[in-house]
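First the structure, in the form of structure tokens, and then the observations on it.
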Amino acid sequence: MDFKIGEDIVEPGSKEPTNKITIVIVIFIALLVGVLVFFASTTLFGKKDKNQTNGEVSLDINNQSVVNLYNIATYGVLGKRYDKFVKEQRVTMDNFTNYEKYYYAMMFAKKEDFIDTGLKDNENYNIYSISNEKIKNYMKSFFGDKIVYSTAGAIELTFPFTIQNNNIGTLTYDSQTDSFTTVFKKSSDISKDLIEPFYGKLSSATSNSDNSVLLQERIIYTELIQNKDSTGNLIDSYTLNIYKDYEKTVLITSKNDLSAESLKVNPVKIEDYIDKAGLITYKFNYGTSGYYFVSSSIAL
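Just so we're aligned, residue -5 is where the sequence shown starts under the working numbering, counting upward by one.
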């Protein structure tokens, strides 16, 4: 409800002007909202360290709600982290493609969201359906209430579960039922690389006076080069370069003559380079669906 503060209106027998009562109501509602957000934050993040700077309050990075937010920011289907936040200098809602909106929103999808329609496509695959309302709620869970996405075109996504032994589904919007028909035809299994292209570690979390939460992640980027012998043939010898930035312009260290076995036995640990690593800051605001992503930025 919107309240307007106008001129004093005094009814016969009234002791206080109407606009003063309105002001009291507005102040009360504002205080109530603030208290509710405070208690929601306290419930989610527990006890906060009163190590305040400019309204910032430190949070325990091992708190499950903090860990959940970090997992959202570092999500990748089947454990293979998507690289959007590690390669783009600054990300806001405006930077996401329509595919990326679905990619991140559908991390919240469950197998039971897809209902068997009893129909089959022309290749005899079962046709499933997921309501647009569910997808809209998943969009809001990641991006907040103001998210806008397109339902046009077919959207192929890999899911962390299988339906009829397949985990890649193609979603197509049906305006008559306001739902997405979905067919699972393919399967994908993400292989483990000898060295990951980047490694990150949550380093701090803070709650701010505007009820936002900031997460800071230390990040390093790798380059693995397989060496060759004098005749140009590849050999079991690698050079590992570790950088501070995605563009690989700030070298942290270089290691030579590494074998595949030694890389497996002694994998890259970001803890060894934490003081020289890059820094990604993620911002989350509190909305009707809980905390949602607002922005990320990279600093060297």
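Just so you know, even glycine gets a beta-carbon here, dropped at the ideal spot from N, CA and C.
Everything numeric in this text was worked out from a predicted model, so none of it was measured.
- The C-beta of Lys222 has fewer than 16 other C-beta atoms within 10 Å across all chains shown, which makes the residue exposed.
- DSSP, read as helix, strand or coil, puts Gly112 in strand.
- Taking a contact to require three or more Cβ pairs closer than 8 Å, the region 271 to 283 and the region 201 to 218 qualify as touching.
- A residue is called buried once 16 or more other Cβ atoms fall within 10 Å of its Cβ, and Arg84, having fewer, is exposed.
- Excluding sequence positions up to five before and after Asn126, its CB lies within less than 8 Å of the CB of Thr145, Tyr167, Asp172, Ser173, Phe174, all in the same chain and listed in chain order.
- The Cβ-Cβ distance between Asn159 and Lys179 does not fall below 8 Å.
- In its chain, beyond the 5 residues on either side, Leu53, Ala199 have a beta carbon closer than 6 Å to the beta carbon of Val60.
- Counting along the chain, the unbroken beta strand (DSSP E) around Lys222 starts and ends at 207 to 222.
- Of the candidates Tyr119, Ile236, Leu188, the residue whose Cα lies closest to the Cα of Thr164 is Tyr119.
- The beta strand (DSSP E) runs of length 3 or more contained entirely in the region 71 to 155 are, from start to end of the chain, 84 to 86, 109 to 114, 120 to 125.
- In the structure shown, Lys270 adopts coil according to DSSP, grouped into three states.
- Looking at the DSSP output, Leu228 sits in a beta bridge with Lys222.
- Taking all protein chains in view, the Cβ of Thr156 is surrounded by fewer than 16 other Cβ atoms within 10 Å, so the residue is classified as exposed.
- With respect to Tyr98, Phe108 sits apart: the two C-beta atoms are not nearer than 8 Å.
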